[in-house]
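As given, the protein sequences belong to chains A and B, one line each in that order.
If you're matching positions, the first sequence starts at 1 in our numbering and goes up one per residue.
If you're matching positions, the second sequence starts at 1001 in our numbering and goes up one per residue.
Glycine residues also receive a C-beta, built at the ideal position from the N, C-alpha and C atoms.
As the structure is a computational prediction, the values presented were derived from the model and not from experiment.
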Amino acid sequence: MGRFAPLLPELILSIGGTILMMVAAFTGRRGSGTVNWLAVILLLAATAALVGAPSHAGPVFDGLVTEDLFASFGRALIYPASAVAIIAAHGWFERGTEHSSEYAVLILFAAVGMGVMVSASSLVSLYVGLELQSLASYVLASYRRTDERSAEAGLKYFVLGALASGILLYGISLLYGFTGTMSFNGLAAAFGRGAPSLGLLFGLVFVLAGLAFKASAVPFHMWTPDVYEGAPTPVTLFFGSAPKVAAVLLSTRLCVSGLAPATDAWRQIVIFAALASVFLGAVAAYGQTNIKRLLAYSSINNVGFALIGLAAGGARGASSVLFYMAVYVVMTLGAFLCVLWMRDEEGRPVESIASLSGLAQTRPGMAAAFAIFMFSLAGIPPLFGFWPKLVVFQAAIASGYVALAVAGILGTVIGAYYYLKIIKVMYMDEPAAPYRRAREPVQGLLIVLAALFVSPLGYLLIGPLTALTDRAAGSLF
Amino acid sequence: MLIAIPLVAGVICLFANANGARWTALIATFLDFALSLYLWTQYDPDGPQWQFVEKAGLGGGVSWALGIDGIALLLIVLTAFLMPICIGASWRAIEKRVPEYMAYFLLMEALIMGSFAAQDLFLFYIFFEGGLIPMYFIIGIWGGAERIKASYKFFLYTLAGSVLMLIAMLYMAGTAHTSSIPALMAYDFPKEAQTFLFLAFLASFAVKLPMWPVHTWLPDAHVQAPTAGSVILAGVLLKLGGYGFIRFSLPMFPDGSAQFIPLMFVLSAIAVVYTSLVALVQRDMKKLVAYSSVAHMAFVTFGLFAMNRQGIEGAMLVMLGHGLVSGALFLCVGVVYDRLHTREIDRYGGLSDNMPGYALLFMVFTMASVGLPGTSNFVGEFLSLVGTYKASTWAAIAATTGIILGAAYMLYLYWRICFGTLRHADAAAMEDLSVREWWLLAPIALAVFWMGIYPESFMRPMRNDVGRLLVRMERVAPAGDSAPTPGKPKLTVIDAHEHGATH
């Protein structure tokens, strides 16, 4: 039993998820509320189980996964974010024909997959975790199966995702073929033996391409706006938060520990992906009229900033990535929860930016929260979203990449425009038809908490959070 | 305390009704003003450089460190002085969404105070940038017809300027291993690095000040902003740029600054002549005053980069004087705008007949803006001219041209508005200043005369700080081309002080 102890969170989730699936199958629609809340409790329990985890640090199952503070930190972001995604669905699916209980189960399995992703220290467990998460996500994207857009989103995500998985597998097979090992440590040793061969480089490029797809970094971002727009909003909220963390942290662990000797080889790829994401995310969002598409580009933009931290490399870079993702998750969840509340009088969801007109006068509280998230995503001080950007640029400059930091920071100015546009619509335009008042106290509480976190009060957390990310990043080395 | 009061009051305002918000804001700003006066009396000009220091670590290499020297003190007092006036100016002019409006003003006051008092690089940046948000809302919600465009322009211009400064700050903190401003002011960066650091900071402060050619956001923002917004923009926000030069560029990168003196002089010279000429042909009152701000700010850069005592003290006084005078001029424009709802100069004329009180005060501020001896701007402009002359004759010639042109456009404006016959019936029907408006303008007029007649009370607190700054720049200060015989320039120095003191 002792050797399973480090996997306690995953065990809780997978066993609990299986049981809940049975419950869902037998109770049907009646049990959906219970299943949802049980799933949330499971996720919270798994998060709580993380607290004791650092003591079990080290590789388990012959080095397939490594349970260290880095993995725990990642899961401490992923599980609560998944829980929020389940809470967000409350009151969303009831009106349709779908059962909402499977939704929670799918998210649970996706969470298990992401947990494996962030702790993977072998290419096999990397792939298994990634596919577990992806398969659940494909189904989630097309969850509202009677809706054409949702079905289209699911299909698109599946086809492109399968392609990306193929590329990733191809890269893995190349790496395995040329090194004879699957573990990250073995890879590091193989790359350390002098200049990497052409085959190894090919493998590295393909693996990174596959991961970039999952993180929706340019040039593998094409699916993001369509899927974000088509998927039901709670699912979009989920896609925007937890899987992004998992993919970015997985890339970080792979690059910083597994491919450390080949830093020069991956760094140029990451720098390109980072800058391309920052600029494309900023520019392409200009013409958007759909808030979910706009937030999709915003997430591309933000992943770019996190990758700047990765490009900086070393413990400092990894720490800045962790910090960035921690704040990013909260901002994204908050913003999407606000989107979730955009419903017209009959309770149908509205997604156009124009419908936000004059929100500051009809619903001042919601407008203030939304404005805080927008300013924070844009990285304008004194909001907390400014600090992770600062940390990332600091890491880049400390590694001597001043030009990279300058380019990135210019990207924030370009990106600031469209965040300002939303705020302008909310605060300076004449009021449009008001939204229906949402009756979701839990979601309201979450919005308030998230807004407080990114408000200047968040600066009080800098000290502990920095200490934690530094230790977590240190556990990679 | 200075920061906390407006913040708390701002939150209260959000939940109050229109009238309650007005009173809350007024009381809070008065409290803040009283506090700043208390600060002034308690400030010991001969004491240590940094007084009233507060410090608490925030982690991640940044700390909540506040403290002021004489330079910051004066600017804080100026801010606190103008704030109640701004609230008063918006008493009737703002009708819609009053609580929000007052909340933004108080938030802004807190942020501005914070940036003047910050002793940590990143804390300064946070306050400095944070000021954009409330101003963006003030222009965007309560502004004129083109307000959206103006608010975007204001926001993006300033943001673009200051992000480069952020990179420079990150580099500085990384190299010097501290983000404390007093420590950095004594740190010597390598010469090559100073060039880039100076340019990065220049990008930010030049936009904020603003200097030619990055001043174009200012006329738009001023014209579209509500009156009180213009007052605070011209009176205080622009001063952040000048303050930045004094606090960061000059003491932290003396070599870098010295290298760019010619550039700064050329830019200032163009600014002073070009914007004065532009001001001369304006049809819009607010635009005219806005362009005059750009011209006046050029005196600040002239004075600062002369790198001598007269120049820097003069620059400080120009900033203070301009804060008062241009604020007052915007209020004067606001007074007639509230009555007739147009800023078109041609729509007025002959106002001295039906609004004698208004004409009197407007005259005072026009003269102050021109730099008539006995008013605040005279002392500042004269000192910074003396300083500039000592550094470079050519720069001084250009600057003096600016003064002449300044007299031209201001007097032309005054003539068109107040003299002549009352051509328009609606303009003739306007009433003279109300009691409230007297209360807004008269204190400024008093301050203007005080600064013009006895500037010593403003120069005393900053004298030692300017001295420290000079010591820092001694090595690199330009020799100047205007010292014909030794001994005589010294006479000029004494003259300058006495001149300012006796008038």
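Item	Value
At which residue ranges does the stretch 1125–1170 of chain B contain complete beta strand (DSSP E) runs of 3 or more residues, listed in the order of the chain?	none
With burial defined as no fewer than 16 other Cβ atoms inside 10 Å of the residue's Cβ, what is the status of B/Y1309: buried or exposed?	Checking the sequence shown, residue 1309 of chain B turns out to be Arg, not Tyr. Buried is the call here.
Sorted by chain position, which residues of the same chain lie with C-beta nearer than 8 Å to B/G1143's C-beta, five sequence neighbours on each side aside?	A1150, S1151, Q1224, A1225, P1226, G1229
Do the CB positions of B/L1233 and B/A1221 come within less than 8 Å of each other?	yes
So, is the C-beta of A/L307 closer than 8 Å to a C-beta in chain E?	Absence of chain E from the displayed structure is noted, the protein chains being A and B.
Under a Cβ-count criterion, where at least 16 other Cβ atoms within 10 Å of its own Cβ denotes burial, should B/D1495 be classed as buried or exposed?	Low confidence applies here, because B/D1495 scores a pLDDT of 47, under 50, leaving its location unreliable; read the following figure in that light. When all chains shown are included, B/D1495 counts as exposed.
Please list, in chain order, all residues of the same chain as B/I1444 whose beta carbon is under 6 Å from its beta carbon, the five residues on each side excluded.	L1324, A1328
Which of the three DSSP states, helix, strand or coil, is assigned to A/G113?	helix
Note down, in chain order, all residues in the stretch 393–420 of chain A with a beta-carbon under 8 Å from any beta-carbon belonging to chain B.	F393, Q394, I397, A398, V402, A405, V406, I409, L410, T412, V413, A416, Y417, L420
State the CB to CB distance for the pair A/A231 and A/F239, rounded to an integer number of angstroms; the pair is presumed to be in contact (CB under 8 Å).	7 Å
Taking the C-alpha atoms as reference points, what is the distance between B/A1391 and B/I1112?	32 Å
What is the residue span of the alpha helix (DSSP H) that A/P234 lies within?	233–253
In whole angstroms, give me the CA-to-CA distance for A/A111 and A/A246.	9 Å
Determine the chain A residues that contact B/G1130 at a beta-carbon separation under 7 Å, and present them in chain order.	P381, P382
Would you check if the stretch 1293–1300 of chain B and the stretch 1266–1277 of chain B touch, i.e. whether three or more CB-CB distances between them fall below 8 Å?	yes
Report the three-state DSSP secondary structure of A/E455 (helix, strand or coil).	First, the amino acid is wrong: residue 455 of chain A is Ser here, not Glu. Residue state, collapsed to three classes: coil.
Does any C-beta atom of chain A lie closer than 8 Å to the C-beta of B/I1133?	yes
Could you tell me which residues DSSP puts in a beta bridge with A/S352?	A/N290
Rounded to a whole number of angstroms, what is the C-alpha to C-alpha distance between A/V391 and B/G1256?	27 Å
In three-state terms, what does DSSP make of A/S55?	Legend: pLDDT at A/S55 = 48, less than 50; position of this residue unreliable, value from coordinates given subsequently. Residue state, collapsed to three classes: helix.
Along the chain, where does the alpha helix (DSSP H) that runs through B/V1236 open and close?	Neither: B/V1236 is in no alpha helix (DSSP H) and is coded neither H nor E.
Going by DSSP, what residue range makes up the alpha helix (DSSP H) through A/E345?	Careful: A/E345 lies outside any alpha helix (DSSP H) and carries neither H nor E.
Of the choices A/A285, A/A273, A/G287, A/Y286, whose alpha-carbon is the least far from that of A/L307?	A/A273
What did DSSP end up calling B/W1064 once you bin it into helix, strand or coil?	strand
Mind listing, in chain order, the continuous alpha helix (DSSP H) runs of no fewer than 4 residues lying wholly within the stretch 1443–1478 of chain B?	1456–1473
Is A/R436 near A/R343, with beta carbons less than 8 Å apart?	yes
Listed in chain order, which residues of the stretch 418–441 of chain A have Cβ atoms closer than 7 Å to some Cβ of chain B?	L420, K424, Y427, M428
Checking 8 Å against the spacing of the C-beta atoms, do A/F370 and A/V454 come in under that value?	no
Check distances from the C-beta atoms of the stretch 1399–1419 of chain B to those of chain A and list, in chain order, the residues that come in under 8 Å.	none
Touch check for the stretch 203–215 of chain A and the stretch 150–170 of chain A: three-plus C-beta pairs under 8 Å?	yes
I want to see whether chain A comes within less than 8 Å of B/Y1348, judged by CB atoms only; does it?	no
Restricting to runs no shorter than 4 residues, where is the alpha helix (DSSP H) found entirely within the stretch 1252–1280 of chain B?	1254–1259, 1261–1280
Check whether chain A comes within 8 Å of B/V1163, counting only Cβ atoms and requiring the distance to be less than that.	yes
Kindly indicate which three-state DSSP category B/E1344 falls into: helix, strand or coil?	strand
Do the CB positions of B/G1387 and B/G1467 come within less than 8 Å of each other?	no
Excluding sequence positions up to five away, which residues of its chain have a Cβ less than 6 Å from the Cβ of A/S277?	A217, V218, I300, V303, G304
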